[in-house]
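Protein chains: 2
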Amino acid sequence: MASMSKTKKPSQGRRKIEIKKIEVKNHQQVTFSKRRVGLFNKASELCVLCGAEIAIICFSQAGKVFSFGHPSTDSVIERYINGGLYLDPVNNDNNPLFIQFKQKFRELEALKQAEIGKAKGSSGQQVNDCDNHFWWDESIEDMGLQDLEQFMVSLEGLVKNVDLKAEEMILENSSSLQLSGVGPSGGQDCFPCGSVGEFHLC
Amino acid sequence: MASMSKTKKPSQGRRKIEIKKIEVKNHQQVTFSKRRVGLFNKASELCVLCGAEIAIICFSQAGKVFSFGHPSTDSVIERYINGGLYLDPVNNDNNPLFIQFKQKFRELEALKQAEIGKAKGSSGQQVNDCDNHFWWDESIEDMGLQDLEQFMVSLEGLVKNVDLKAEEMILENSSSLQLSGVGPSGGQDCFPCGSVGEFHLC
DNA sequence: GGCCCTATTATTAGTGT
DNA sequence: TACACTAATAATAGGGC
Chain A
1 MASMSKTKKP
11 SQGRRKIEIK
21 KIEVKNHQQV
31 TFSKRRVGLF
41 NKASELCVLC
51 GAEIAIICFS
61 QAGKVFSFGH
71 PSTDSVIERY
81 INGGLYLDPV
91 NNDNNPLFIQ
101 FKQKFRELEA
111 LKQAEIGKAK
121 GSSGQQVNDC
131 DNHFWWDESI
141 EDMGLQDLEQ
151 FMVSLEGLVK
161 NVDLKAEEMI
171 LENSSSLQLS
181 GVGPSGGQDC
191 FPCGSVGEFH
201 LC
Chain B
1 MASMSKTKKP
11 SQGRRKIEIK
21 KIEVKNHQQV
31 TFSKRRVGLF
41 NKASELCVLC
51 GAEIAIICFS
61 QAGKVFSFGH
71 PSTDSVIERY
81 INGGLYLDPV
91 NNDNNPLFIQ
101 FKQKFRELEA
111 LKQAEIGKAK
121 GSSGQQVNDC
131 DNHFWWDESI
141 EDMGLQDLEQ
151 FMVSLEGLVK
161 NVDLKAEEMI
171 LENSSSLQLS
181 GVGPSGGQDC
191 FPCGSVGEFH
201 LC
């Protein structure tokens, strides 16, 4: 019952715990380790059982990063980013879009000037300006006109650079392009698990 | 009212299964669903209990993508990429191109989220070009032709959206533009979980 | 996808090394 | 400090509907 006072401490076995932040640091770390392994194992099983591809990135509170991936963390992330990106391979031709883009930009600018009456003085290489608010973290849907315009300015500069670079490379035609991936710089601890997937701990 | 009369089917309870690919498709899908939810819940608990930040990306065999993230899938991925990859801190931080590039990445991420919610009708998107590097982490200067191409394609998607939004705003004459439910998409399959983290299903 | 019924598993807490 | 083992049980997930 409630009082098993002094004499002995029989193993009480697993007990129900509330799902809230564990404050006792030591306890938290133990739980983190155990549950992280459990999570990765579950993911591994899911991969095997169902032919899934899974990546898990896990930062501990202390900032350590652990990752799981099958077939690899990076490939899954890459697939995620590319796949979610709304690539429409059907109708993508560069030039018309860029022409439209520039035209829209001019229209926007004209509209803005008509409204406000004066230029806001944004220059072409807008970077970031607000400390407490990053405008690029909003989706376009949430952008106001001015935000949109700034966004376009940035985009235009970017497009220009990409364009220049592409042209340059096409002219030089191969040879000087190096795609060397960045080399590993930190020691990585990669331990194999019994099953599918890679477990990383950095 | 559960009539627990005579012909009760003695559910044999949970049964042990071998961890190997489930061939029966129907069975596999059921298992996938259950275990995926279980996995996400475990991750959620781990976040709460231990103050962890976790992202999970999960592709079903059919190519559907599901994701979990706390505080958000993308923020964790970004943190992973930035932390795990070796941005040359020497000059890149002051390189306008690089800064723009990083901005671009964030914008794309934000956009992607918007698109995931909106463009629900078109499903099959796949891009199968997986190298071992992250194209978005290189500055434009270091990009190869193929990277530039990929970058352009992404840019086009972005431009297209900016374009649409701009048009929309111009048409509405910027008087009372409040976005609201701009998307003509149908029901969303994003279900809130009881606990921390976002669950996405596309 | 959800519910029910259970058998199987994961994980907690304590102890020992 | 960190792991290995144990007991005890909370929670997951398999099979049917």
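Protein sequences, first through last, are from chains A and B.
Residue 118 in full-length UniProt numbering sits at position 118 of the first sequence; the count goes up by one each step and never skips.
Residue 61 in full-length UniProt numbering sits at position 61 of the second sequence; the count goes up by one each step and never skips.
We treat Cβ as the ideally placed atom computed from N, Cα and C, and that holds for glycine.
Because the structure is a prediction, the values reported are computed rather than measured.
Closest in C-alpha terms to GLY63 of chain B, from the list B:GLY38, B:GLN29 and B:GLY69, comes B:GLN29. Listed along chain A is no residue with a C-beta nearer than 9 angstroms to that of SER72 of chain B; the closest approach is about 11 angstroms. Assigned with DSSP and collapsed to three states, SER75 of chain B falls in helix. Residue burial annotation: GLU23 of chain B is exposed, with fewer than 16 other C-beta atoms found within 10 angstroms of its C-beta.
Rounded to whole angstroms, the separation of the alpha carbons of THR73 of chain B and ARG15 of chain B is 34 angstroms. In the structure shown, GLU23 of chain B adopts coil according to DSSP, grouped into three states. Taken atom to atom, the span from the alpha-carbon of GLU45 of chain B to that of PHE199 of chain A is near 20 angstroms. About 7 angstroms separates the beta carbon of ILE56 of chain B from that of ILE54 of chain A, a gap short enough to meet the 8 angstroms contact definition. In the three-state scheme derived from DSSP, where H, G and I count as helix and E and B as strand, ILE56 of chain B is classed as strand. Counting along the chain, SER67 of chain B sits inside the beta strand (DSSP E) bounded by residues 65-70.
Between LEU49 of chain B and chain A, the shortest Cβ-Cβ separation is below 9 angstroms. Rounded to the nearest angstrom, the Cβ distance from GLN61 of chain A to CYS50 of chain B is 6 angstroms, consistent with a contact under 8 angstroms.
In the structure shown, GLU198 of chain A adopts extended strand secondary structure according to DSSP, grouped into three states.
Between LYS21 of chain B and HIS70 of chain A, the alpha-carbon positions lie close to 14 angstroms from each other.
Under a 10 Å Cβ-count criterion, LYS34 of chain A is classified as exposed, with fewer than 16 other Cβ atoms of the shown protein chains found around its own Cβ.
Within the same chain, Cβ atoms closer than 7 angstroms to the Cβ of THR31 of chain A are found at ILE22, the five residues on either side in sequence being excluded. By the 16-neighbour rule on beta-carbons within 10 angstroms, ILE77 of chain B is buried. Between ILE19 of chain A and the set B:ALA43, B:SER11, B:LYS25 and B:ARG79, the nearest pair of CA atoms involves B:ALA43. The beta carbon of GLY197 of chain B does not come within 9 angstroms of any beta carbon belonging to chain A, so the residue lies off that interface. Close to ARG35 of chain A, with beta-carbon spacing below 8 angstroms, are these residues of chain B in chain order: LYS42, GLU45, LEU46, LEU49 and CYS50. Interface annotation for the segment 6-27 of chain B against chain A: ILE19, LYS20, LYS21 and ILE22, criterion Cβ-Cβ distance under 7 angstroms.
Shown here, GLU18 of chain B sits in coil according to DSSP, grouped into three states, outside any helix or strand. Look at SER33 of chain A here: in three-state DSSP terms it is helix.
Assignment of SER44 of chain B by DSSP, reduced to helix, strand and coil, places it in the helix class.
Taking a beta-carbon distance threshold of 9 angstroms, LEU201 of chain B does not count as an interface residue toward chain A.
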